[in-house]
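In the working numbering, the protein residues as written are 717 to 836. What follows is one structure encoded as structure tokens, with my remarks underneath.
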């Protein structure tokens with residue numbers, strides 16, 4: 717594959733299954749912390765019992781994990797902005813990478829890193 721040209725915008729969405737699964741897991745995590753009774757745990761058999769137990773007895777752990785994940789995604793999006801700047805992307809393209817990396821984390825950043833390596 718030919719190396720990318722400097723200053724040309726490049727944006728690639730992650731695959732839909734990756735996007736959907738990450739968003740669902742994040743929603744589950746925050747919902748379990750906020751109120752585990754909002755989840756239909758009675759329909760989930762043993763997994764539902766486990767989720768209900770964790771959501772009622774380990775709320776502080778869930779909050780810690782959710783906030784740690786949020787901080788990690790924020791740091792990854794800052795790194796994505798740094799790489800976008802090194803590649804001379806436009807502000808609009810950089811904003812797309814920041815938003816996608818903030819939501820999806822390393823799955824999005826890995827696409828940008830692969831493009832950056834082709835550029836070098």
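Glycine residues also receive a C-beta, built at the ideal position from the N, C-alpha and C atoms.
Asked                                                                                                                                                                           : Found
Whole-angstrom Cβ separation of residue 724 and residue 824, contact assumed at under 8 Å?                                                                                      : With a Cβ gap of about 19 Å, residue 724 and residue 824 do not count as contacting.
What does the Cβ neighbour count give for residue 728, buried or exposed, with the cut at 16 atoms within 10 Å?                                                                 : exposed
Within 10 angstroms of the Cβ of residue 836, are there 16 or more other Cβ atoms? Answer buried if so, exposed if not.                                                         : exposed
In the DSSP assignment, find the unbroken alpha helix (DSSP H) run with residue 783 in it and report its ends.                                                                  : 775-802
Rounding to the nearest angstrom, what Cα-Cα distance links residue 737 and residue 817 in this structure?                                                                      : 15 Å
Excluding the 5 residues preceding and the 5 following residue 767 in the sequence, name in chain order all residues of the same chain whose CB lies nearer than 6 Å to its CB. : 757
Let's test the definition: count the other Cβ atoms within 10 Å of the Cβ of residue 734 and tell me whether it reaches 16, buried, or not, exposed.                            : exposed
With C-beta atoms as the reference, is residue 821 less than 7 Å away from residue 789?                                                                                         : yes
Checking 7 Å against the spacing of the C-beta atoms, do residue 826 and residue 813 come in under that value?                                                                  : no
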